[in-house]
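These protein sequences, in sequence, are chains X and E.
Residues in the first sequence are numbered from 1263 upward in steps of one, following the numbering used here.
Residues in the second sequence are numbered from 79 upward in steps of one, following the numbering used here.
Below is one structure, written out as structure tokens; the observations come after it.
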Amino acid sequence: MAQKSKIRARAAALAAGFEAAGAVPVETPVLLPAEALLDLYGEDIRGRAYVTSDALRGEQMLRPDFTVPVVQMHMAHGAEPARYTYAGEVFRRQEDDPARANEYMQVGYEVFDRENPAASDAEVFAVIQDALKGVELRAATGDIGILAAAVAGLETTEHRKRALARHIWRPRKFKALLERFAGRSEVPASRAALLAADVPMAHGYSDIGLRSQTEVAARIDALREDAAAEPISALQVELIEALLAVRETLPNALEHIRDLAVDMPAISGAARRLRERMEALDARGVDVARLEFEASYGRTSMEYYDGFVFGFYVPGRADLPAVATGGRYDALTQVLGQGREIPAVGGVIRPGVLVDLEDAA
Amino acid sequence: MSIKLGVPSKGRLMEKTFDWFGARGVQLSRTGSDREYAGAVEGVDGVELVLLSAGEIPRELAAGRIHLGVTGTDLVREKLGQWEQQVAELALLGFGHADLIIAVPGCWADVDTLEDLDAAAAAFRETHGFRMRIATKYHRLVREFLRDNGVADYQLVDSQGATEGTIKNMTAEGVADITSTGDTLRANHLKILSDALVLKSQATLFKSRKAAMTDAERATMKALLQKLELDG
Chain X
1263 MAQKSKIRAR AAALAAGFEA AGAVPVETPV LLPAEALLDL YGEDIRGRAY VTSDALRGEQ
1323 MLRPDFTVPV VQMHMAHGAE PARYTYAGEV FRRQEDDPAR ANEYMQVGYE VFDRENPAAS
1383 DAEVFAVIQD ALKGVELRAA TGDIGILAAA VAGLETTEHR KRALARHIWR PRKFKALLER
1443 FAGRSEVPAS RAALLAADVP MAHGYSDIGL RSQTEVAARI DALREDAAAE PISALQVELI
1503 EALLAVRETL PNALEHIRDL AVDMPAISGA ARRLRERMEA LDARGVDVAR LEFEASYGRT
1563 SMEYYDGFVF GFYVPGRADL PAVATGGRYD ALTQVLGQGR EIPAVGGVIR PGVLVDLEDA
1623 A
Chain E
79 MSIKLGVPSK GRLMEKTFDW FGARGVQLSR TGSDREYAGA VEGVDGVELV LLSAGEIPRE
139 LAAGRIHLGV TGTDLVREKL GQWEQQVAEL ALLGFGHADL IIAVPGCWAD VDTLEDLDAA
199 AAAFRETHGF RMRIATKYHR LVREFLRDNG VADYQLVDSQ GATEGTIKNM TAEGVADITS
259 TGDTLRANHL KILSDALVLK SQATLFKSRK AAMTDAERAT MKALLQKLEL DG
């Protein structure tokens, strides 16, 4: 692990490069109110962030990333369009692997711009790639928006589509739900019995707690509706599986996805955006013919990316963390904007990993 | 110096531990007044009895301040990251059986599995504007279990005791707690989810992988384990 002062100097140089690309430097607090982060990420964030508290402000989290405070700052008093850069420590609780850092620097570049999402995606990717010039890295890209569009276009109930959309970031659960809705998995005995019962609400227990019997009845109605609905067809499941399996160079992936869009018209818009992004990347001088695209990429990372996603990795070193990661997070600005939203895309570099690589070279 | 053996300082867990060692020719006992946490070991030389709260024994083992300790598997796995690298399981003692389970109100006729819990949590959040609360003191084990099983839209709320009462008091919608017979859960109008066994726990003799030993202490450890008919 390189010296902290060296990592700081590298971080400052990266931030200066982002400033030269047009970003305004910003600072954010290190201690963030836990509530906003918990509301956004759920309980999982407690496994990843350090939580502390005082009697006055309640629970606070040591900044696990910059995205949330930067979005909050922009939504509170930012002018549009905006480009920001920042450099500082983030803190990640580690409970299983002592080799993983629990404190490290991040340098970021974020773009808030309504005009041309494809151009903004390409800009962030190209600016980050340019900053990493001289180090041999493998770039991975994906697009969560394509899977989301495919789910929204399924010929099935709204209830099922919402359930699947909710679990896009949990691949195993997503697959189990898809199989359930396709009628491929066995219905649990307790559910079969519940649906067969004449009076399903008769249980002999006292009615306690905040979740009311009205809510229980509503869910039983939803289960009945689901049991009566046609299973998702084998063809539709195959199309989703074929989409998730797409993994090739970007031009080939685009062709493949456009072929799938013939049978899945719902992804046509997302396929068009993928093409526009490819053209914008090409215009930025990115070698798109050799750029990898993986439809499943980014599904296990943090839940806020909902469009373009990318990462830069050290080839042959799966043990090292990504040198840089980023993506589009439009939905996050909606959640944090309390009624307002702004399309946003950004990425971060870990200067510590970069310095180690440069030292080893 | 001596080999330090950490044993729960009170209650049935202490008595049963004393019985287990006694049956193998090692007599453990409390000394002094009832209130003083001091103990004695007979049957093998060079072993010191340290009476501790069962909840502190994992930490003491990991810190190497005791060489051996008796506590529940649940506590070791909740409190120690990479527990296998910090302690070794020497023997399951056959008592203190308890299952870490997830329970919800029995009046939730629609919820029996984790899949139901996840769907109910999504609807609950839409209705009430906050995530479904699960009261527990086993935060790490429960969070990992729910994550692995694809449950979202919940939050854990800390409860260090009388956890079963939190639902009636409207401070939680579900609980994750240790149960041996399920009687307390039933008395509090709760039912156990059919597929949510987080962990099966029992009293276990652990050896610290972190505690340093002199040659003399190593010999004492060997003699003690021989007497207990265990492989160290």
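We treat Cβ as the ideally placed atom computed from N, Cα and C, and that holds for glycine.
Note that the structure is a prediction, hence the values are computed from the model and not measured.
Assigned secondary structure, residue i (DSSP; H/G/I helix, E/B strand, else coil)
i                       : result
residue 1576 of chain X : coil
residue 1549 of chain X : coil
residue 152 of chain E  : helix
residue 1278 of chain X : helix
residue 1448 of chain X : coil
residue 180 of chain E  : strand
residue 257 of chain E  : strand
residue 1523 of chain X : helix
residue 1460 of chain X : coil
residue 1568 of chain X : coil
residue 81 of chain E   : strand
residue 1396 of chain X : coil
residue 191 of chain E  : coil
residue 1292 of chain X : coil
residue 1604 of chain X : coil
residue 1268 of chain X : helix
residue 1540 of chain X : helix
residue 92 of chain E   : helix
residue 86 of chain E   : strand
Contact belief for residue i with residue j at Cβ below 8 angstroms, rounded distance in angstroms
i                       : j                       : result
residue 1373 of chain X : residue 1382 of chain X : 5 angstroms
residue 87 of chain E   : residue 129 of chain E  : 4 angstroms
residue 1536 of chain X : residue 1519 of chain X : 6 angstroms
residue 242 of chain E  : residue 263 of chain E  : 6 angstroms
residue 168 of chain E  : residue 277 of chain E  : About 19 angstroms separates the two Cβ atoms, so there is no contact after all.
Under 9 angstroms by beta carbon: chain E residues contacting residue i
i                       : result
residue 1506 of chain X : Residues of chain E passing the Cβ test: none, with the nearest at roughly 17 angstroms.
residue 1482 of chain X : 187, 188
Beta-carbon neighbours of residue i, restricted to chain X and to distances below 8 angstroms
i                      : result
residue 234 of chain E : 1305, 1308
residue 202 of chain E : 1473, 1477
residue 251 of chain E : 1471, 1472, 1473
Residue i vs residue j beta-carbon contact at 8 angstroms
i                       : j                       : result
residue 311 of chain E  : residue 142 of chain E  : Residue numbering for chain E in the displayed model covers 79 to 310; residue 311 of chain E lies beyond these limits and cannot be assessed.
residue 1326 of chain X : residue 1311 of chain X : yes
residue 165 of chain E  : residue 154 of chain E  : yes
residue 303 of chain E  : residue 181 of chain E  : no
residue 1303 of chain X : residue 1328 of chain X : no
residue 1576 of chain X : residue 1399 of chain X : yes
residue 1484 of chain X : residue 1421 of chain X : yes
residue 248 of chain E  : residue 1472 of chain X : yes
residue 1305 of chain X : residue 201 of chain E  : no
residue 1335 of chain X : residue 1269 of chain X : no
residue 121 of chain E  : residue 1465 of chain X : no
residue 305 of chain E  : residue 102 of chain E  : yes
residue 80 of chain E   : residue 307 of chain E  : no
residue 1386 of chain X : residue 1588 of chain X : yes
residue 1362 of chain X : residue 1286 of chain X : no
residue 100 of chain E  : residue 144 of chain E  : no
residue 1586 of chain X : residue 1609 of chain X : yes
residue 1510 of chain X : residue 1555 of chain X : yes
residue 127 of chain E  : residue 106 of chain E  : yes
Contact list for residue i against chain X, beta-carbon separation under 7 angstroms
i                      : result
residue 84 of chain E  : Going along chain X, no residue has its Cβ under 7 angstroms from residue 84 of chain E, so there is no contact; the nearest lies around 23 angstroms.
residue 218 of chain E : 1357
residue 231 of chain E : 1304
residue 205 of chain E : 1477
Interface residues of chain E facing residue i [CB-CB closer than 7 angstroms]
i                       : result
residue 1470 of chain X : 183, 185, 245, 246, 267
residue 1485 of chain X : 188
Contact set between residue i and chain X, taken where Cβ atoms lie within less than 9 angstroms
i                      : result
residue 160 of chain E : 1357, 1358, 1359, 1360
residue 272 of chain E : 1450, 1451, 1452
residue 228 of chain E : 1429, 1432, 1434, 1435, 1436, 1438, 1439
residue 151 of chain E : By Cβ distance, chain X contributes nothing, its closest Cβ being about 17 angstroms from residue 151 of chain E, past 9 angstroms.
residue 209 of chain E : 1300, 1301, 1304, 1305
residue 191 of chain E : 1450, 1452, 1453
residue 225 of chain E : 1305, 1306, 1309, 1432
residue 197 of chain E : 1425, 1481, 1484, 1485
residue 287 of chain E : Under the 9 angstroms cutoff, chain X gives no residues; its nearest Cβ is about 14 angstroms from residue 287 of chain E.
Where residue i meets chain E, residues with beta-carbon distance less than 8 angstroms
i                       : result
residue 1463 of chain X : 187
Contact the stretch 1410 to 1419 of chain X vs the stretch 1518 to 1536 of chain X: 3+ CB pairs below 8 angstroms: These segments touch.
Taking contact to mean 3 or more Cβ pairs, one atom from each stretch, closer than 8 angstroms, check whether the stretch 253 to 264 of chain E and the stretch 201 to 219 of chain E are in contact. Pairwise C-beta distances place the stretch 253 to 264 of chain E in contact with the stretch 201 to 219 of chain E, as three or more of them are shorter than 8 angstroms.
Three or more C-beta pairs closer than 8 angstroms, one from the stretch 128 to 143 of chain E and one from the stretch 175 to 195 of chain E: is that the case here? The answer is no - the stretch 175 to 195 of chain E does not touch the stretch 128 to 143 of chain E, with fewer than three Cβ pairs under 8 angstroms.
Contact between the stretch 1425 to 1435 of chain X and the stretch 1534 to 1553 of chain X (3+ Cβ pairs under 8 angstroms): No: fewer than three Cβ pairs fall under 8 angstroms.
Contact between the stretch 1300 to 1311 of chain X and the stretch 1342 to 1357 of chain X is defined here as three or more beta-carbon pairs at a separation below 8 angstroms; is this criterion met? By the Cβ criterion, the stretch 1300 to 1311 of chain X is in contact with the stretch 1342 to 1357 of chain X, since at least three pairs of Cβ atoms, one from each stretch, lie closer than 8 angstroms.
Okay, do the stretch 1486 to 1501 of chain X and the stretch 1436 to 1450 of chain X touch, 3+ Cβ pairs below 8 angstroms being the bar? Yes: the two stretches touch, three or more of their Cβ pairs being nearer than 8 angstroms.
Sufficient close CB pairs (3 or more, under 8 angstroms) joining the stretch 89 to 97 of chain E to the stretch 1582 to 1602 of chain X: Fewer than three Cβ pairs drawn from the stretch 89 to 97 of chain E and the stretch 1582 to 1602 of chain X lie within less than 8 angstroms of each other, which leaves the two stretches out of contact.
Quick check: the stretch 110 to 126 of chain E against the stretch 1601 to 1611 of chain X, are at least 3 beta-carbon pairs closer than 8 angstroms? With contact defined as three or more Cβ pairs closer than 8 angstroms, the stretch 1601 to 1611 of chain X and the stretch 110 to 126 of chain E are not in contact.
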